[in-house]
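First comes the structure, then the notes that go with it.
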Amino acid sequence: MTTAPPERTPLEGLDFHAAHAENADLEAVDASLVRRRHDVFGQVDEWGEAVGDVDQDLAPSDAVQVIEGIATVDAANLSTAAIATGLNTSGCLIIRGLLDTDTCGELKAGIDRSLHDRDNQERGRWYAPFGEDLNFGELESERAFSQNSGSMFAVDSPRMFRSMLGAYRRCGLAGTVERWFGGRAAVSARKCALWRVRPDLPFADWHQDGAFMGRSIRTINSWVALSTCGAGTSSPGMDLVPIPKMDFAPTGINGAAFEWSVSHTDAMEAAGEVGIVHPTFSPGDGVLFTERLLHRTATREGLSDPRYALETWWFPAADFPESQIPLVF
Ligand SMILES: O=C(O)CCC(=O)C(=O)O
Ligand SMILES: [Fe+2]
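Per the numbering used here: the sequence shown = residues 20 to 348.
Here you go:
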C-alpha cells in the first residue's frame with residue numbers, strides 16, 4: 020500500500036521549487052519561480068505577527084566604524100546590531116566585501132545579457148517581462164523610466180532574479196534582513212533593479228524612496244556595486260546624505276526635476292554640517308538604507324565607464340505595502 024506524500028503548504032512548495040530551480044538550471048523552472056514567488060504571497064493567510072524592527076533594543080555594534088564620514092562594517096561582521104548602529108549613526112550602513120569577486124563577475128555578465136535581450140526584445144530566461152497578464156498598469160510606465168535611467172526590473176530577467184536572490188542568501192544578507200524584520204521577507208517587483216548606469220548620464224535627482232513608495236513603511240534597501248565606482252574612479256557611484264532618521268525633504272520645488280525628487284539646494288541644506296558623502300565602492304561593496312535616506316546616482320562630467328549595481332527593496336512579508344507588488348524571498 021502506498022501513502023500519499025504529505026501535502027506542502029504554499030511556502031514549503033515555494034522553497035521546494037526554489038531548490039529545484041537551483042539544481043535544474045532550466046529556463047522554464049526559472050520563469051515559473053518568479054511567478055510563484057508572487058502568487059504564493061497571496062496564498063499565505065497569515066504571515067505571523069508583524070513585529071517591529073529590532074533597532075531600539077540592540078546594543079551598538081563595535082564592528083561598525085565611521086570611516087570617511089559614514090558608518091561602515093566588514094561583511095564578516097554584518098548583523099542586526101550592525102544595521103541598527105549604521106542607521107542610528109549615518110542613516111545607512113556601508114558593507115565592505117558583501118559579495119565576492121566571482122559572484123560580482125557573474126552578476127555583471129548577467130546584467131549585460133539581460134539588457135541585451137531586453138533591448139533586442141529576445142524573450143527567454145534572461146528577458147521575460149513579469150506579470151503581463153496581471154494588469155499592473157504602473158509597471159508599464161516604470162519600465163520605460165527604468166530603461167531611460169539605465170536599469171531594468173530584476174523580475175523581468177528570471178535567470179538574474181534567481182542568481183541575485185541566491186547571492187543574497189549565500190552571503191548571509193537575506194538571513195540578517197529577515198532577523199531584522201523578525202520574519203519572512205518579500206521584495207518588490209517595482210523596486211528590484213539591475214543597474215548599468217552610463218558614464219555620460221547627464222543628471223539624476225536627489226530622492227528618498229519613501230517619497231514614492233509610501234512614508235510609513237518598514238523596508239530596507241540593499242544596494243550593491245558590481246563594478247568599481249564613486250569618488251576617485253571613472254564610474255558614477257552614489258551620493259548620500261548620511262543623516263539618521265531624516266525627515267522627508269521637500270519634493271518638486273526649488274528646481275527639483277520630478278514631483279518626488281529633491282533639489283540640490285535642498286539636499287545641501289538637509290546635509291548641513293554633516294555634508295554630502297561621495298563614497299568609493301569596489302565590486303561587492305554594498306550600502307543598506309531605508310526609505311528616508313536622501314541619495315542620488317553620482318553623475319558628473321568626464322566619467323568613462325558604466326556602473327553596474329543591484330538595488331533590492333526588502334519588506335517584512337507580514338507588513339508589505341501591496342502597491343509595491345510582492346515576491347516572497
Ligand atoms: O543605482 C543608482 O544609481 C540609484 C539607486 C537608487 O536610487 C536606490 O537604490 O534607491
Ligand atoms: Fe533610490
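Glycine included, C-beta positions come from ideal geometry on N, C-alpha and C.
Exercise. What residue ranges within the segment 166–221 form continuous beta strand (DSSP E) runs of no fewer than 3 residues, ordered along the chain?
Worked result: 170–172, 204–216
Exercise. Are Phe-149 and Phe-172 closer than 8 angstroms when you measure CB to CB?
Worked result: Cβ atoms of Phe-149 and Phe-172: closer than 8 angstroms.
Exercise. For the beta strand (DSSP E) that Met-257 lies in, which residues bound it at each end?
Worked result: 256–260
For this session: Compute the distance between the beta-carbons of Ala-193 and Phe-348, then report whether it is under 8 angstroms.
Result: yes
Exercise. Cα-Cα, which of Gln-140, Thr-104, Leu-117 is closest to Ala-95?
Worked result: Leu-117
Exercise. Under the three-state reduction of DSSP, which class applies to Thr-309: helix, strand or coil?
Worked result: Judged by DSSP in its simplified three-state form, Thr-309 adopts coil rather than helix or strand.
Exercise. Who sits around ligand 2, taking every residue whose Cβ is closer than 6 angstroms to one of its heavy atoms?
Worked result: Taking each Cβ in turn, the ones that pass are His-226, Asp-228, His-314.
For this session: Could you tell me the distance, in whole angstroms, from the CA atom of Leu-33 to the CA atom of Gly-291?
Result: 47 angstroms
For this session: Taking Phe-231 as part of the beta strand (DSSP E), name the residues at either end of that continuous run.
Result: Premise fails: Phe-231 lies in the alpha helix (DSSP H), 229–232, not in any beta strand (DSSP E).
Problem set entry | Exposure label - Val-216; buried when at least 16 CB within 10 Å | Residue environment analysis places Val-216 among the buried positions, since at least 16 neighbouring C-beta atoms fall within 10 angstroms of its C-beta.
For this session: Ignoring anything shorter than 4 residues or poking outside the segment 280–335, list the alpha helix (DSSP H) runs there in chain order.
Result: Secondary structure remark: continuous alpha helix (DSSP H) runs of at least 4 residues inside the segment 280–335, in chain order: 283–290.
For this session: Write down every uninterrupted run of the alpha helix (DSSP H) in the segment 90–146 whose length is 4 residues or greater and which is fully enclosed by it, in chain order.
Result: 99–109, 120–138
For this session: Over the uninterrupted beta strand (DSSP E) stretch that includes Leu-77, give me the two end residues.
Result: In the DSSP annotation of this structure, Leu-77 is not part of any beta strand (DSSP E), being labelled neither H nor E.
For this session: Measure the beta-carbon distance from Ser-207 to Phe-334 and round it to whole angstroms, keeping in mind my assumption that it falls under 8 angstroms.
Result: Contact holds; Cβ gap of about 7 angstroms.
Problem set entry | Exposed unless 16 or more other CB atoms sit within 10 angstroms - verdict on Met-183 | buried
For this session: Whole angstroms is fine: what's the gap from Ala-223's alpha carbon to Arg-144's?
Result: 30 angstroms
For this session: Give a single yes or no on whether Val-216 has its beta carbon closer than 7 angstroms to a heavy atom of ligand 1.
Result: yes
Problem set entry | Reduced DSSP category for Ser-241 - H, G, I as helix; E, B as strand; rest coil | In the three-state reduction of the DSSP assignment, Ser-241 falls in the strand class.
Exercise. What is the DSSP secondary structure of Gly-274, counted as helix, strand or coil?
Worked result: coil
For this session: Check Val-347 in the structure and name its three-state DSSP category.
Result: Three-state result, Val-347: strand.
Problem set entry | Any non-hydrogen atom of ligand 1 closer than 7 angstroms to Asn-15 Cβ | Limits of the chain in this structure are 20 at one end and 348 at the other, which puts residue 15 out of reach.
Exercise. For ligand 1, is there a heavy atom less than 7 angstroms away from the beta-carbon of Thr-316?
Worked result: Thr-316 Cβ: within cutoff of ligand 1.
Exercise. Going by beta carbon distance, what residues of the same chain come within less than 7 angstroms of Cys-123, once the five residues before and after it are set aside?
Worked result: Leu-245, Pro-302, Gly-303
For this session: Could you pull the start and end residues of the alpha helix (DSSP H) that Val-83 belongs to?
Result: No alpha helix (DSSP H) contains Val-83, which DSSP labels as neither H nor E.
Exercise. Looking only at its own chain, which residues have a Cβ that is under 6 angstroms from the Cβ of Asn-107, when we skip the five neighbours before and after it?
Worked result: Pro-263
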